[in-house]
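First the structure, in the form of structure tokens, and then the observations on it.
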Amino acid sequence: MGRPILEYGTVIWSPYTDAACSRIEKIQSKLCKCIGYRYGIPGGYNTVSDVYEYYNINSLQERRQVADMLFFFKVMNGLIDAPDIISIFELASVGPSLRHNRLLMTTKTTKSYVFNGPHNRLARLVNSLHSDVDFYSGSLSVFIPDIKSRLLQYP
Numbered sequence: 142m143g144r145p146i147l148e149y150g151t152v153i154w155s156p157y158t159d160a161a162c163s164r165i166e167k168i169q170s171k172l173c174k175c176i177g178y179r180y181g182i183p184g185g186y187n188t189v190s191d192v193y194e195y196y197n198i199n200s201l202q203e204r205r206q207v208a209d210m211l212f213f214f215k216v217m218n219g220l221i222d223a224p225d226i227i228s229i230f231e232l233a234s235v236g237p238s239l240r241h242n243r244l245l246m247t248t249k250t251t252k253s254y255v256f257n258g259p260h261n262r263l264a265r266l267v268n269s270l271h272s273d274v275d276f277y278s279g280s281l282s283v284f285i286p287d288i289k290s291r292l293l294q295y296p
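With the numbering used here applied, the sequence shown closes on residue 296, and no number is skipped along the way.
Right under this line is the structure:
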């Protein structure tokens with residue numbers, strides 16, 4: 142099973158439980174063990190994390206976050222024609238309190254599948270990055286390296 146198969150459509154189905162995330166990460170980890178055994182690392186193969194570092198392999202979780210932000214950027218800047226998706230994201234109102242510095246509204250719920258669904262997951266990630274990242278102007282060629290440098294361990 143290849144990485145494209147593991148990453149296809151993650152904006153919609155991204156796992157959120159620790160068990161589901163670790164099951165998916167194990168697939169990439171097994172591949173890294175094979176790479177380390179077969180090709181080795183100068184100075185000796187020690188752990189899967191050594192293979193990750195030597196070959197600049199990022200975790201699938203980090204890659205899913207980059208995919209989420211690229212999707213959000215493309216939708217908000219008209220690179221993907223999706224007015225229904227744009228209408229889902231509401232800008233957060235600016236109130237007198239400085240505690241809630243956020244760009245997008247999230248849905249308050251006790252249901253984990255709603256809390257971790259695509260809308261809330263994307264909104265939370267955008268809110269965590271919006272003071273450092275410009276989502277609404279610039280080009281995709283500038284946005285991609287910027288978001289990768291912020292989210293990936295090995296950009």
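Ideal Cβ placement from N, Cα and C applies to all residues, glycine included.
Taking the alpha carbon of residue i as the point to measure from, which residue in the options has its own alpha carbon closest?
i, options, result
"Leu244", "Lys167, Lys174, Val274 and Phe256", "Val274"
"Trp154", "Tyr196, Tyr180, Ile229 and Asp209", "Asp209"
"Val152", "Ser269, Glu203, Ser282 and Pro286", "Glu203"
"Tyr193", "Pro156, Met217 and Glu166", "Glu166"
"Ile226", "Asn257, Cys175, Ser282 and Asn261", "Asn261"
"Asp159", "Leu270, Phe214, Thr251 and Asn257", "Asn257"
"Ser234", "Asn187, Ile288 and Asn268", "Asn268"
Checking the sheet assignment: what are the DSSP bridge partners for residue i?
i, result
"Leu232", "Leu245"
For residue i and residue j, which I take to be in contact (beta-carbon distance under 8 Å), what is that distance rounded to the nearest angstrom?
i, j, result
"Leu292", "Val207", "5 Å"
"Ile198", "Cys173", "6 Å"
"Phe284", "Met217", "Actually they are not in contact, since the Cβ atoms of Phe284 and Met217 sit about 11 Å apart, beyond 8 Å."
"Leu220", "Leu270", "Leu220 to Leu270, Cβ: 18 Å. No contact."
Are there 16 or more other CB atoms within 10 angstroms of the CB of residue i, so buried, or fewer, so exposed?
i, result
"Ala264", "buried"
"Leu201", "buried"
"Cys175", "exposed"
"Arg144", "exposed"
"Val255", "exposed"
"Arg138", "Nothing about residue 138 can be read from this structure; the chain reaches only from 142 to 296."
"Gln294", "exposed"
"Ile146", "exposed"
"Gly150", "exposed"
Between which two residues does the alpha helix (DSSP H) carrying residue i extend?
i, result
"Lys171", "Asp159 to Tyr180"
"Gln202", "Leu201 to Met217"
"Ile288", "Leu281 to Leu292"
"Thr151", "Thr151 to Trp154"
"Asp273", "Segment: none, Asp273 is in no alpha helix (DSSP H) and carries neither H nor E."
"Asp191", "Val189 to Tyr195"
"Pro145", "Arg144 to Glu148"
"Ser253", "Ser253 to Phe256"
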